Every structure is written in structure tokens, then in C-alpha cells.
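A.B. asks: Let me give you the structure first, and then I'll get to my questions.
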Amino acid sequence: MPEFLKRGLHSHEGKLLLVVLALIVFLSVATPSFFTLQNLVDLLTSYAFSGMLAAGLLVVLISGGIDISFTASASVAQYVAMTVANAYHIGWLGVIGICGGVGIACGLLNALLIGTLGLSSIIVTIATLNVFFGLLMFATHGNEIFSLPDWFVNGASWVVYTDKNETPYAFNLQMLGLISAFVLTAIILTRTNIGRQIYALGSNKDAAQRVGIKVFRINLLVYGYMGFVAGMASLIQAQDAQSVSPNALVGRELDVLAAVVLGGASLTGGVGTVSGTILGVMLLACLENGLLLLGVPSYWSQCFTGAVILIAVSALAIERQRHRAAARRVMA
Amino acid sequence: MTSNTPPRPAASTARFRPSPVLARLSVLFVALLILFALLLGERLFNATAIRSMAFQLPELGVLSLAMMIPLLSGGLDLSIIATANLSALAAAYIFTHFGTGGGTGAVVWHIVALVAAFGVAGAIGLLNGMVIAYLGVSPILATLGTMTFVKGVAVGLTHGGVISGFPSFMVFIGNGSLLHVPVVLIVFVLVAIPVGVMLARSPFGQKVAMLGSNEQAVRYSGIDTRRVLVRVYLLSALLSAVAGLLMMARFNSANAAYGESYLLITILAAVLGGVDPAGGFGRVSGLVLSLIVLQLVSTAANLLNISQFLSLALWGAVLLGVAGVGRVWASLRPMLKRR
């Protein structure tokens, strides 16, 4: 077996890839509707929101922090953007600017509070989740926005393929957002100096500080990026749902966390890859979608998801214990 | 700004000591009392309003206790709400299917129902504890998994529906009073005092707190940390079952999704009450004081006709504010001492 294949299979991503491939093969054989272009389009469109958030959260987890508040920032961003878009003609650049701006502002506030209050990031972001969400619900009285501008509802899509029955398959905004989020995150993490600093900070904060990495600045960047991604994700989610509801997104933050962690990112920081995160999101998406197509009542899908999360995190932990034991043997 | 200060290894424990937090909370409490007395006066400080506060506080109170014990040990239990609901559903199923008749038969079934609730919770707690202690999974992830799984089981079995119609003693626990004191509050006190004494005075409580400060040191001193951890999550699950039964008694129904918004609030309440989220420090007295402050804010907001969501925002802001005041105070104190 070639060296790179052997190493690939021993990595977490390699094993996860095998699991996901096995699941895909099983579902393709078991149900005729799983392995179709239409299902692929549906999957990419409906999981774009969680996928994008997972990309953002990955960066935060690698830096050694955690963000719980991103669903609330996303809700605020889409509500503000759509309210303004209904009142003034601001166009795509306008809504993108507002969503990104609001998201970044929420993220920077998180970083500022984490840097100054001396509380852990999980506590600060749980508090800001309640502050953002509470203020949004207070200001909007929980009212949904049902009518969005026509140019926004129509969105943008590029038909790339038409099959024999004249059914068009289009590349839509959701896919564009999902792919750009992963590509951008991969570039930041693996191709830039800042990415190295984020990994360094998450691996060992004290050492990172001593070699001159400015922790506060990196935190501003990391949480700002999370906020920006949340803003963008909220935009494509609103476009897909064709309406904005202030309480539709809050409560999904732990699902996104589960996907990122399944992808091998560690809560203690310094560990995690974009490819792993993509596989983590794919695993949960294919599982939910597959159960539905297999005809399992939707009431039970959460139960399966929970079982998979439990098994996966246990397997990961056992793997790490073995690595540690092996390392100890080498030392002795 | 952070780059100029030398790294502090024990930063999180040094910054967040429990006793100043208690003092700060008491000041906040008195300040809020004065503020609301000026704003609301009689409307807040009358028997009805105080009784309604006493009815609302215990649910969140018991759930916060269930969250506090894992927090003390340096962990976290995200599955408390799911556990509470599944145990309540187990009891509700037996109440409504077997315990409907009169006589001694029904009484036996009532006891079976309560035992079933604690049995279900105990099983979940053991699962959490084993996975965390023996497999070494981080508590957030393990309990995130059990939370999703347990809620999934509850939703799957009930199809998201509600079970209602319970024996009269459950209704009495939920909505009755003894000598003008709500029974739910009595239950909370009967749970909180033993838990508080156990955490502060018993060997087990000492071990839990030490585990949260330095797990390795505790293990090297000859304590089986894994057994302590299993008990921590077992206890947390059993307390969740108490909370589940309280919620069920208050609403006179059980459902897979009750009280979900409480989950992250319990962490806020515990941290506001001086429990160090990194583990090791915290007292039940602080938690109770923080619960009273939160309840006061929410009831006052309600009386002032402010949306309940604004009080949610205020709860988050109170926590950030208290931590902020603490930081300012900590940086001012050396200057005052020098003088």
C-alpha cells in the first residue's frame, strides 16, 4: 500500500471518509432516490446554512475558543438586512454589506468581552446569545417578515444541466455560499500566516504569547470571521426559506457544534481541518436525509443522530487514548 | 493589550473567586430591590407577586443545581433538560396507563411511576458518567450526544405529543401550598440544603471540587477520579429527574420539549452565582442568591409590562455586567491598597 494511503487511513479524516462512503453506498443501494442529482441539489441547498456555520465555528474551535452565539447573530443580521431591504432599494451589495456588517459587529463584541472580562468564551457567548436573541425578540415582538423584495426572492441561479425530462439542475446561491465558505476557511487556515497563528494559539496559548502572537488581535479576527460567516449564512438561509423569522435559527447552535466535532476538531483547540468538517457535516446530513428516504418516521431521526454522535465521540476518544498510550511506550 | 502581560497559568481560577462574587451579588440584589421598590413599590412587594416568584423559581433552581455539580467538577451536563423530560414522560406514562384507579393498587403504581422516573434518569446519568470517566470523552461532547439521543427517544416514543391527567397529589405538588408556602418551593429547599451541605462539607463534595481544580493531582493522591466523575453525572441526572417531575406537576403535563430554553440559562445562573466554569469553586448559597436576582429581574420586567425576551437579554447582561464590575474592582484594588 502506498505510504500516503496508509497515512490517510490512519488519520481521523480517512476513517471518517470510509464511514461516509459506506453510508452513501448503503443508502444508494437501499433507496432509489438517494443517489440522484435532484437529491444532491436538495441536500446542498438545505444543509448550506449549517455547513457555512460549521466552517466558521471550526476556526473558532481551532483557536481554542468556542462560540455559541452565532445563531443569534445570524438572526439579527438577516432581520436587520431584510427590514432595510423592504424599506429602501439597496440591492444585493446592500444586503450583503448589512448582513456581513452586523455579523462582524456581533463577533467583535464577543471577542472584546472575552478579552476584557476574564470569563471563558463559552460563558461569554452564552450570555451574548441571550442578549442578542432577547433584544431581537423584544424589538420585533417575534413578528415574522413574510414578504421580501422580488429581486431577493428570485435569487440567482445558473442552470448547468438539463436532463432528458427537461428538468433543469441549477447552481444556486446556497451552493455558492457553502463552497465559498469552505474555500475561504481552507485558505485562511492553511495558506496564510494568520492561519498558522490560529493553530499556534489553540495548541498552546502561553507559548503563542511568548513568541509574540497577539492573542487579542487573533481573537478579534477569529470571532469577527465567525460573525461574518454567520451573517452570510443567514442571508442564504433567508433566500432559501423565502421569509425571515426571528426565532427560526436559535437552538441550532449545538447541532452545528456536533458536526464540527464529528469532523475531528478538538474543543481544547489546535486540532481540526476543513476536510474533516466537510465530512462531519456530510455524515449528519446523509444520515438525516437517508433515514427520511428509507421511510423511518421523522420522529426517530433525532434519536439516530444522537446515537451516531455518541458513538463517534467515543471512538475519537478511544483513538486518542491509544495514541497517548503508544506515545508513552515510545518514551519509556 | 494582552500581549504585554506575562502569561498567568492559573488565570481563570485567580480571576473568579467565589466570595467577592457573593458580596457583589448581595450589593446587586439590594440595589435591584431599591430600584424596583421605587419603580413598582406595592405592586412588587405584595403577597401575590412574592408567591408567584416562589412558584416560578424552583424549576430553574433544581435544574441549576443539576448543572452546578458537573460544573464544579470541571465539566458540564448539556443533557439535563432532555433527562428531565424523559423521566417525566416515563412517570407520566405509568400514571396515566396504570395508576388511574383508586385504592392501594393505584398507590403502588404511583410509587412505581416515581421509581421509573429516577430509574430512567439514573441510567442516563450512568451512561454520561461512564463515557466521560472511562472513555475520556470531553463532557460537552458526551452530554451533547446523550442530549440529542435522549430527546430523540422521547420524541420518538411520544411523537412529540403531550401526556396529561395525573393523580391529585401531583397537582398538589405543582400548584398547592402548605401554610401559604408553595409546595414546589418546599421541594426546592429540601433538595438544595442537602446538596449544599454535601458539596461543602462531605468528603464527596471535597473530591468534586478538587477534581475541578486539578484532576491529575487528585488522581496522584490516590482517589479514584473515575468513580467520583460517574457519581457526579449520576447525581446531576437524578436532580434533573426531580426538576422533570416538578415541571410535570406545575404544567400538569409532560412533553419531550418542555423547558429547553432553560438549558443555557442554568449555566448563566450558576456562573453568576460564583461557580467557576473551569471547576473547583462554587457554593449553593451563591447559586440560590443568583436565582433570586434573576427571578426578581424577570418578575419586575413582567410587572413593568416589558416583554419576557427583554428579561432574557437582561439576564445575559447582568452576568456580563457583574463580571465587568469584578474586573474593574480587581484592577482598582491594588491602587487603593498602595495609598
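Protein chains in written order, with this note's numbering: chain A, 1 to 332; chain B, 1001 to 1339. Glycine included, C-beta positions come from ideal geometry on N, C-alpha and C. This one's a predicted model, so the numbers in the text were calculated from it and none came from an experiment.
1. Just the C-alpha distance for A:M232 and A:G100, rounded to the nearest angstrom, thanks.
2. Since B:T1096 meets chain A, which of its residues come closer than 8 Å, beta carbon to beta carbon?
3. Between B:V1108 and B:F1098, what straight-line distance do the alpha-carbon atoms span, to the nearest angstrom?
4. Below 7 Å between beta carbons is the criterion; list the residues of the stretch 288-301 of chain A that meet it against any residue of chain B, in chain order.
5. A:T88 by DSSP, collapsed to three states: which one?
6. Would you mind working out which of B:S1307, B:L1296, B:M1067 and B:A1323 sits nearest B:L1040, comparing C-alpha positions?
7. If distances are taken between C-alpha atoms only, which option among A:Q38, A:A72 and A:L37 comes closest to A:L53?
8. With DSSP run on the structure shown, which of helix, strand or coil describes B:N1255?
9. Taking Cβ positions, are B:A1317 and A:V131 nearer each other than 7 Å?
10. Roughly how many angstroms separate the alpha carbons of A:G280 and A:N39, rounded to a whole number?
11. For B:T1005, which three-state DSSP category applies?
12. Quick check on the DSSP output: what are the complete alpha helix (DSSP H) runs of length 4 or more inside the stretch 100-145 of chain A, in order along the chain?
13. List the residues of chain B whose Cβ lies closer than 8 Å to the Cβ of A:Q78, in chain order.
14. Against chain A, with Cβ distances strictly below 7 Å, would B:T1148 count as a contact?
15. On the criterion of 16 or more Cβ atoms from any shown chain inside 10 Å, does A:V80 qualify as buried, or is it exposed?
16. A:M137 versus chain B: which residues are under 9 Å apart at the beta carbon?
17. Taking any Cβ of chain C, which residues in the stretch 97-108 of chain A have a Cβ under 9 Å from it, in chain order?
18. Looking at the unbroken alpha helix (DSSP H) that takes in B:F1281, where does it start and where does it end?
19. Does the beta carbon of B:P1277 sit closer than 7 Å to a beta carbon anywhere in chain A?
20. Quick one: what does DSSP say A:L148 is sitting in, helix, strand or coil?
21. Going by Cα to Cα distance, which pick from A:I213, A:Y88 and A:S75 is closest to A:G142?
22. List the endpoints of the continuous beta strand (DSSP E) containing A:A170.
23. Mind pulling the alpha helix (DSSP H) runs of 4 or more residues that sit fully within the stretch 258-296 of chain A?
24. Could you tell me which residues DSSP pairs with B:L1178 in its beta bridges?
25. Look at the Cβ atom of B:S1064, then the Cβ atom of B:V1232, and state whether they are nearer than 7 Å.
26. May I have the straight-line CA-CA distance separating B:A1243 from B:V1062, to the nearest angstrom?
27. Strictly below 7 Å CB to CB, what residues from chain A border B:V1155?
28. Opposite A:S157 in the DSSP bridges: which residues?
29. Give every residue of the same chain whose Cβ lies closer than 8 Å to the Cβ of B:E1215, excluding the five residues on either side of it in the sequence, and list them in chain order.
30. What does A:S314 reach in chain B if we use C-beta pairs closer than 7 Å?
31. Taking a contact to mean a Cβ-Cβ separation below 7 Å, would you say A:A285 touches A:Y47 in this structure?
32. How would you call A:D206, buried or exposed, if buried means at least 16 neighbouring beta carbons within 10 angstroms?
33. Give the secondary structure of B:R1015 by DSSP, where H, G and I count as helix, E and B as strand, and everything else as coil.
34. Which residue from B:V1189, B:S1213, B:L1071 and B:A1142 puts its Cα closest to that of B:L1057?
35. Taking a contact to mean a Cβ-Cβ separation below 7 Å, would you say A:T31 touches A:L262 in this structure?
C.D. replies: On the basis of the coordinates in this document:
1. 6 Å
2. By Cβ distance, chain A contributes nothing, its closest Cβ being about 20 Å from B:T1096, past 8 Å.
3. 10 Å
4. Y299 and W300
5. Per the sequence shown, residue 88 of chain A should be read as Tyr rather than Thr. Note: A:Y88 maps to coil in three-state DSSP.
6. B:L1296
7. A:A72
8. coil
9. yes
10. 19 Å
11. Only weak support is given to the placement of B:T1005: the predicted model assigns it a pLDDT of 45, under 50, and the question is left unresolved by the model.
12. 121-140
13. Within chain B, no residue comes near A:Q78; the closest Cβ sits about 17 Å away, beyond 8 Å.
14. yes
15. buried
16. S1307, Q1308, F1309, L1310, L1312 and A1313
17. Among the protein chains of the structure shown, namely A and B, there is no chain C.
18. From DSSP, B:F1281 is part of no alpha helix (DSSP H); its letter is neither H nor E.
19. yes
20. coil
21. A:S75
22. P168 to N172
23. 274-293
24. B:V1181
25. no
26. 6 Å
27. Y299 and Q302
28. A:N172
29. G1074 and T1225
30. V1131, L1135 and V1137
31. yes
32. exposed
33. Because the pLDDT of B:R1015 is 45, which lies under 50, any placement of that residue in the model is unreliable, and the number read from its coordinates should be weighed accordingly. Of the three classes helix, strand and coil, the one that applies to B:R1015 here is helix, per DSSP.
34. B:V1189
35. no
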